[in-house]
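**Q** Got a structure for you, questions after.
In the numbering used here, the protein residues as written are 906 to 1293.
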């Protein structure tokens, strides 16, 4: 963004620069909105002062130009504000504003030209001349963070006042040109120094916002990891016992499955722990998919530890539960194809127990665990319910 290059701030990535630039523009827009009434009052004051001048007709065109410039700039600022609020690109609106500010600079300079043509001492002359220079200084300071707009505004003022001085007598033009040049240079120096602080404030705003976002993401990740298994992404044992997951069931009677992968230590020893992790991840994914495909309910899966999983099925019908468990067992037995392992390398023993609403989950889990050990004792790779 041009503000980054203009003020020499630390190098940032493109997204950061764009965000900081938009915040800088937003700050200028807010200032302009608050200063609009002051602009209107200044214009009315110029009108009153011009009325008391000896050549009031000479101010009709400059004051008309100033009113048009004020109205056009106001519309341009509002257009930018709307695009900011909607998150839209600012470039098209900034081009329009640049043109309007060039015209605005011209309009202020036109107010000074009648004073050069008739330099007679008059209190109203001081009001118009002093008021114009003060207004130019304030507006330049306000828009200085917008480099292109500031150059356009200053250029419109300088070119117009320069053309007016060329038409003035030399004994008036030379001292006026020298004085106005030094004064306007001082205004620009102050304006850009002030703009640097505003750009720095916008940069800090973006930095604080991004820091807040990172902290929020870190907190969310920490909360997620507190109740989820880092390897499989399933709920962990803590979540099962502390988060009341089973209390969300829609049925008064549900079922709890304990799933234990058979010969898992042998798989780890034969094919390595990386393959063991892959098997755990694939088993967890299979459980998630099976639960999604089952009828609606508050189903979930838990990694209880090691190669042991728990599956809570918000299902009252025992036959449907046993069929789910059998389908899951068959799916786990086929995982060897997905993992590139020999047939029989992956299988699971599954124990099934019912869980009644209000019952301690540890109690139903213990019964399901006992049923799972029955399945192990009978040869593994099978489903057993708590009452056999």
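Each residue gets a CB set at the ideal place from its N, CA and C atoms; glycine is no exception. These numbers come from a predicted model, not from an experiment.
Short check: CB of residue 1032 to CB of residue 1013, under 7 angstroms?
**A** Position 127 of the chain shown, counting from 1, holds the residue named residue 1032. Position 108 of the chain shown, counting from 1, holds the residue named residue 1013. Result no, Cβ atoms of residue 1032 and residue 1013 do not sit closer than 7 angstroms.
**Q** First and last residue of the beta strand (DSSP E) that includes residue 1162?
**A** Position 257 of the chain shown, counted from the first residue, corresponds to residue 1162. That run of the beta strand (DSSP E) goes 1158-1166.
**Q** Candidates 1276, 1202, 1123 and 1089: which alpha carbon is nearest residue 1164's?
**A** Here residue 1164 is taken as the residue at index 259 of the chain shown, counted from 1. Nearest C-alpha to residue 1164: 1276.
**Q** Using three-state DSSP, classify residue 1217 as helix, strand or coil.
**A** On the chain shown, residue 1217 is found 312 positions in, with the first residue counted as 1. Here residue 1217 sits in strand by DSSP.
**Q** Just to confirm, is the Cβ distance from residue 925 to residue 1108 under 7 angstroms?
**A** Here residue 925 corresponds to residue number 20 of the chain shown, with the count starting at 1. Here residue 1108 corresponds to residue number 203 of the chain shown, with the count starting at 1. Contact: yes.
**Q** Expressed to the nearest angstrom, what Euclidean distance is found between the alpha-carbon atoms of residue 1197 and residue 1166?
**A** Working through the chain shown from its first residue, we reach residue 1197 at position 292. Working through the chain shown from its first residue, we reach residue 1166 at position 261. Approximately 21 angstroms between the Cα atoms of the pair.
**Q** Distance, Cα to Cα, residue 1029 vs residue 959?
**A** Walking along the chain shown from the start, residue 1029 turns up at place 124. Walking along the chain shown from the start, residue 959 turns up at place 54. Looking at the two C-alpha atoms, the distance is approximately 10 angstroms.
**Q** So, is residue 1126 buried or exposed, given that buried needs 16 or more other C-beta atoms within 10 angstroms?
**A** Here residue 1126 refers to the residue found at position 221 of the chain shown. The residue in question, residue 1126, is exposed, as its Cβ has fewer than 16 Cβ neighbours within 10 Å.
**Q** From residue 1073 to residue 1066, what distance separates their C-alpha atoms?
**A** Looking up residue 1073 in the chain shown gives position 168. Looking up residue 1066 in the chain shown gives position 161. If I take the Cα positions, the gap works out to 11 angstroms.
**Q** Within the continuous alpha helix (DSSP H) that includes residue 1126, where are the two ends?
**A** By one-based count along the chain shown, residue 1126 stands at place 221. 1075-1132 is the extent of the alpha helix (DSSP H) around residue 1126.
**Q** Could you tell me which whole alpha helix (DSSP H) segments of length 4 or greater appear in the region 1195-1273?
**A** The region 1195-1273 contains these whole alpha helix (DSSP H) runs: 1223-1238 and 1240-1244.
**Q** Hey, would you say residue 1285 sits closer than 7 angstroms to residue 1254, going by beta carbons?
**A** The residue given as residue 1285 occupies position 380 in the chain shown. The residue given as residue 1254 occupies position 349 in the chain shown. Closer than 7 angstroms, so yes.
**Q** Looking at the unbroken beta strand (DSSP E) that takes in residue 1288, where does it start and where does it end?
**A** In the chain shown, residue 1288 corresponds to position 383, counting from 1. Segment 1288-1290, the beta strand (DSSP E) holding residue 1288.
**Q** Whole angstroms is fine: what's the gap from residue 1114's alpha carbon to residue 1062's?
**A** Start at 1 with the first residue of the chain shown, and residue 1114 comes out as number 209. Start at 1 with the first residue of the chain shown, and residue 1062 comes out as number 157. C-alpha separation (whole angstroms): 38 angstroms.
**Q** Just mark residue 1153 as buried or exposed, buried being the case when its beta carbon has 16 or more other beta carbons within 10 Å.
**A** By 1-based counting over the chain shown, the position of residue 1153 is 248. Residue 1153 comes out exposed.
**Q** Going by C-alpha to C-alpha distance, which of 953, 1038, 1060 and 934 sits closest to residue 1081?
**A** Position 176 of the chain shown, counted from the start, is the residue given in the question as residue 1081. Ranking the options by Cα distance to residue 1081, first place goes to 1038.
**Q** Note down the Cα distance separating residue 1272 from residue 1137, rounded to an integer number of angstroms.
**A** Within the chain shown, numbered from 1, the residue matching residue 1272 stands at position 367. Within the chain shown, numbered from 1, the residue matching residue 1137 stands at position 232. Those two C-alpha atoms are separated by around 25 angstroms.
**Q** Should residue 1248 be labelled buried (16 or more other beta-carbon atoms within 10 Å of its own) or exposed?
**A** Position 343 of the chain shown, counted from the first residue, corresponds to residue 1248. Exposed is the call here.
**Q** From this set, 966, 1057 and 1213, which residue's C-alpha is nearest residue 1017's C-alpha?
**A** Reading the chain shown from its first residue, position 112 is the one you call residue 1017. If we check each option's Cα against that of residue 1017, 966 comes out closest.
**Q** Give me, in chain order, the residues of the same chain whose beta-carbon lies closer than 6 angstroms to that of residue 1092; leave out the 5 immediate sequence neighbours on both sides.
**A** Position 187 of the chain shown, counted from the start, is the residue given in the question as residue 1092. Contacts found: 1042 and 1045.
**Q** Comparing alpha-carbon positions, which option in 955, 1007, 997 and 995 lies nearest residue 975?
**A** Reading the chain shown from its first residue, position 70 is the one you call residue 975. It is 1007.
**Q** Does residue 1140 come out as helix, strand or coil in the three-state DSSP assignment?
**A** Within the chain shown, residue 1140 is the residue found at index 235, counting from 1. Looking at residue 1140 - three-state DSSP - the assignment turns out to be strand.
**Q** I'd like to know whether the C-beta atoms of residue 1228 and residue 1160 end up nearer to each other than 7 angstroms.
**A** Here residue 1228 refers to the residue found at position 323 when the chain shown is read from its first residue. Here residue 1160 refers to the residue found at position 255 when the chain shown is read from its first residue. Against a cut-off of 7 angstroms, the Cβ pair of residue 1160 and residue 1228 comes out as no contact.
**Q** In whole angstroms, give me the CA-to-CA distance for residue 1095 and residue 1131.
**A** Here residue 1095 refers to the residue found at position 190 of the chain shown. Here residue 1131 refers to the residue found at position 226 of the chain shown. Going by the C-alpha atoms only, they are around 54 angstroms apart.
**Q** Can you tell me whether residue 1155 is helix, strand or coil according to DSSP?
**A** Position 250 of the chain shown, counted from the first residue, corresponds to residue 1155. Coil.
**Q** If you run the structure through DSSP and keep just helix, strand and coil, what is residue 1281?
**A** As a first step, residue 1281 must be located in the chain shown, where it is residue number 376. If DSSP states are grouped into helix, strand and coil, residue 1281 belongs with the helices.
**Q** Where residue 1261 and residue 1238 are concerned, what is the direct C-alpha to C-alpha distance, given to the nearest angstrom?
**A** Along the chain shown, one-based indexing puts residue 1261 at 356. Along the chain shown, one-based indexing puts residue 1238 at 333. Cα-Cα distance, rounded: 30 angstroms.
**Q** Could you check the C-alpha separation between residue 1206 and residue 1269 for me, to the nearest Å?
**A** Mapped onto the chain shown, residue 1206 falls at position 301. Mapped onto the chain shown, residue 1269 falls at position 364. Approximately 15 angstroms between the Cα atoms of the pair.
**Q** Since residue 1232 contacts residue 1155 with CB under 8 angstroms, what's their CB separation in whole angstroms?
**A** By 1-based counting over the chain shown, the position of residue 1232 is 327. By 1-based counting over the chain shown, the position of residue 1155 is 250. No, residue 1232 and residue 1155 are not in contact; Cβ-Cβ is about 22 angstroms, not under 8 angstroms.
**Q** Give me the Cα-Cα distance between residue 1252 and residue 923, rounded to the nearest whole angstrom.
**A** Position 347 of the chain shown, counted from the first residue, corresponds to residue 1252. Position 18 of the chain shown, counted from the first residue, corresponds to residue 923. Residue 1252 and residue 923: Cα-Cα distance of roughly 54 angstroms.
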